[in-house]
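Here's the structure we're looking at; comments come further down.
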Amino acid sequence: MLGTCRLTLAFGSLCFSYFRLPLFNMSEAGNWCLIESDPGVFTELISGMGVKGVQVEEVWSLDESLMEQLKPVLGLIFLFKWQGAQPSPATEGEQHPTDHIFFANQVINNACATQAILSILLNRDDIDLGQELSSFKEFTAEFPPDMKGLAISNSDLIRSVHNSFARSDPFFEEMQEAKGNKDEDVYHFIAYLPIHGALYELDGLSRGPVHLGACTEDDWVQKANAAIMSRMERYGGSELHFSLMALTRDRIELLQEQIEETDGLLLSLPDDADNERARLNAERGDLEHKLQLEKEKRKRWHRENLLRKHNFIPMIHDLLRMLGERNELKPLIDRAKEKATERAAQRSQKAQQQQ
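With mature numbering (1 follows the signal peptide of the UniProt record, and there is no 0) applied, the sequence shown corresponds to residues -17 to -1, 1 to 338, in that order.
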């Protein structure tokens, strides 16, 4: 069965089975932590696995003009509320053999986000996977889907990078275990991408890849959007919590290449091409501005990831201890209680006025 999660967390799972694979860097699968569904987290996770030239962007709209700005899009990751095992809503959807597709069944708790990312990375020939993931892909190429899933769960590299985003709060896991699954909605990640001229939906909880029809690199995003919209429509108005992310080329690298290309065009202009020079200089200025914004965003992501991983409990403990030693803690607690009582009274009064 699946695990439970909040909207921004990835909690998929089947029951775990241990498997030791020879001749590859595998170890006991152990626990996989809950990680936040965030483009900064996913981008650093991909980089941590040795992949170069790729980042993740959150998609706020399926508008074609917005998707155009993200090009080239390498794959889409869709988060939706799990309603049990149901067939893909696509009209052409049918499960295909996995001979030419890297498809892995999900066999480990909390791994659905990382597995959706891997479904894209390991099925694109235009991504620099790095040495370890390339070796992993080659080694598991002939494995059936269930063994591919077991290989993922036992990969030291993949698991350690995934678990590097574990919550540092020592009470978090205890709270999750105490709460159980009773009041939590269940969410799941799946991937969409073109493979050999066809659009596929890759869901680790399905028996195989779902073929969604023929496509090209130019129109696959539009066709994937139609499949995603079809999934969303199945919920009617009862569910609004969806998330879509796009794997794209590294925007910093892409913008730097565009700036270099523009510089080359400027150098090749004849002396009397003033209008074209002005246009290219304006275009270069716009690219420089976008590059600066992208670098600032990357710094912000890095800082947010450091904060996610940092354990603030010792600092909070020392702060409370110091306040107690200075006899300042109890007055602060009393003041907080008074404010809470006042807010409760205001809410009650407002509710009575509305009746």
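In this text, a Cβ means the ideal position worked out from N, Cα and C, and glycines have one as well.
- Ranked by how close their Cα comes to the Cα of His272, the residues Ala261, Ile235, Leu306 have Ile235 in first place.
- C-alpha of Leu182 to C-alpha of Asn208: approximately 11 Å in a straight line.
- Excluding residues up to 5 positions away in sequence, Lys35, Gly36 lie with their Cβ nearer than 6 Å to the Cβ of Asp111 in the same chain.
- If you compare the alpha carbons of Tyr175, Arg326, Phe126 with that of Arg214, the shortest gap goes to Tyr175.
- Under DSSP, Tyr183 takes part in a beta bridge, and its partners are Leu176, His194.
- Collapsing the DSSP output to three states places Val34 in coil.
- Closest by C-alpha distance to Gln275, out of Glu27, Phe122, Ala134, Gln239, is Gln239.
- Per DSSP, reduced to three states, the secondary structure at Phe122 is helical.
- Approximately 4 Å separates the beta-carbon atoms of Trp15 and Asn93; this is inside 8 Å, confirming the contact.
- Taking the Cα of Thr199 as reference, the smallest distance to any Cα among Arg190, His179, Leu230, Arg260 is reached at His179.
- Given a length threshold of 4 residues, each whole run of the alpha helix (DSSP H) inside the region 285 to 327 is given here in chain order: 296 to 308.
- Taking a contact as a CB-CB distance under 8 Å, the pair Met32 and Ile141 counts as one, their CB atoms being some 6 Å apart.
- By the criterion of a C-beta distance shorter than 6 Å, Phe61 is surrounded in its chain by Ile173, Ile211, Leu227, once the five residues flanking it on both sides are discounted.
- Under the 10 Å beta carbon count, Phe63 is surrounded by 16 or more other beta carbons and is classified as buried.
- For the options Ile84, Asp129, His224, Asp269, the alpha carbon positioned closest to that of Leu185 is the one of Ile84.
- With a threshold of 16 other beta carbon atoms within 10 Å, Asn88 meets it and is buried.
- When the five nearest sequence neighbours on each side are left out, the beta carbons in the same chain lying within less than 8 Å of the beta carbon of Leu45 are those of Asn208, Ile211, Met212, Leu227, in order along the chain.
- For Ile211, the uninterrupted alpha helix (DSSP H) run begins and ends at 203 to 216, by DSSP.
- The Cβ atoms of Leu230 and Leu57 sit closer than 8 Å to each other.
- The beta carbons of Thr245 and Glu266 sit about 6 Å from each other, so the pair counts as a contact at 8 Å.
- Counted as a single uninterrupted DSSP element, the beta strand (DSSP E) harbouring Ser226 occupies residues 226 to 232.
- The three-state secondary structure of Phe61, taken from DSSP, is strand.
- Annotation for Ser102: the continuous alpha helix (DSSP H) segment containing it runs 95 to 104.
- Taking a contact as a CB-CB distance under 8 Å, the pair Leu59 and Glu40 does not count as one, their CB atoms being some 10 Å apart.
- In the structure shown, the three-state DSSP call for Ser138 is strand.
- Put simply, the backbone Cα of Ile103 is about 16 Å away from that of Thr123.
- For Glu47, the uninterrupted alpha helix (DSSP H) segment begins and ends at 47 to 53.
- Spatial neighbours of Val42 in its own chain (CB-CB distance under 8 Å, excluding positions within 5 residues in sequence) are listed in chain order as Leu49, Met50, Leu53, Leu59, Leu227, Met228, Ala229.
- With at least 16 other beta carbons inside 10 angstroms of its own, Ala96 counts as buried.
- Taken through DSSP and simplified to helix, strand or coil, Ile84 comes out as coil.
- In the structure shown, Glu200 adopts coil according to DSSP, grouped into three states.
- In this structure, the straight-line span from the alpha carbon of Leu250 to that of Ala261 is close to 13 Å.
- In the three-state reduction of the DSSP assignment, Val24 falls in the helix class, which pools H, G and I.
- Cβ atoms of Ile91 and Ser136 come within 8 Å of each other, at about 4 Å.
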